[in-house]
Structure formats: C-alpha cells, structure tokens
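Visitor:
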Amino acid sequence: MNKRDECVSDSEIDKFEGDGDFLGIPRPRRSKSVDFSPVVKVEEVSRYKQRASKCKYGNMTEVQKLAIRLELNEFKLKEMKVHDQSRSNTLFYDIGKYHTRLRNHFSSKKSFLK
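In this text, residue positions in the sequence shown follow this note's numbering: the first is 4, and each later residue adds one.
#1: Going along the chain, which unbroken runs of the alpha helix (DSSP H) with 4 or more residues stay wholly within the segment 62-99?
#2: Figure out for me which residue from HIS86, ALA70 and PHE39 has the closest Cα to the Cα of ASP97.
#3: Please work out which residues of its chain come closer than 7 Å, Cβ to Cβ, to PHE25, disregarding the five sequence neighbours upstream and downstream, and give them in chain order.
#4: In angstroms with no decimal places, state the Cα-to-Cα distance between PHE39 and ASN92.
#5: Can you grab the Cα-Cα spacing for the pair GLN88 / ASN76, in whole Å?
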C-alpha cells in the first residue's frame, strides 16, 4: 500500500478542473487531517562533528589563492551552464586588485604577472 492509497478513497476522487479537465484524469483530494502512528521508532546514528572543518585557505600563499580564484572564474565563464539572462548575476572574482597586491609582494621577480 503506498501513501497515496492511505489518503484517498473511491468516494473522494474528483476530476481536474480548468486545464486538466479535458484529460479526464482523476485526482485525489488532499486529506484534511493528519494521522500519527502509535509506533515510535528510534534509530542509532553515528556521531559526527557538526562544525565545519578548518580550511587551509588561511595558510595558503597569495599565489595559491589567486590560482583558485582564476580557476573558479574560468569555470564560471566557460563550463557553468547559466541562462543568458542570468549571466549578469554570476559573481566573478576581481583579479585586478590581486594583480597589484601580488606585484608588490613579489617585486623582486621581474617576470611575475606582467
């Protein structure tokens, strides 16, 4: 017996109204009452941490963080399916501000991020 059979009896079946009426498909009325089972089940579950694990993001170098942001931007731009009208809502990381910060950080390396 499925849940649908529990809520519906033959006398409670009616027809779709409006658009569905031409199909002649019967639809069950929703039950107006709630029944609770007298049986209470208790299951054992494994313990788990409910806190997020500490991310290593704080320990990453600026270059590693920039690489992650670049990869996310590229994924969002090329691979992520987004409706054309929603494209303007997609958040991209502003790489320009990291460019100057990294250039100052690695000023001894002339070829870095030119």
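Virtual Cβ for every residue (Gly too), placed ideally from N, Cα, C.
Guide: With the given structure in hand:
#1: 65-77
#2: ALA70
#3: Because the pLDDT of PHE25 is 46, which lies under 50, any placement of that residue in the model is unreliable, and the question is left without a value.
#4: 45 Å
#5: 18 Å
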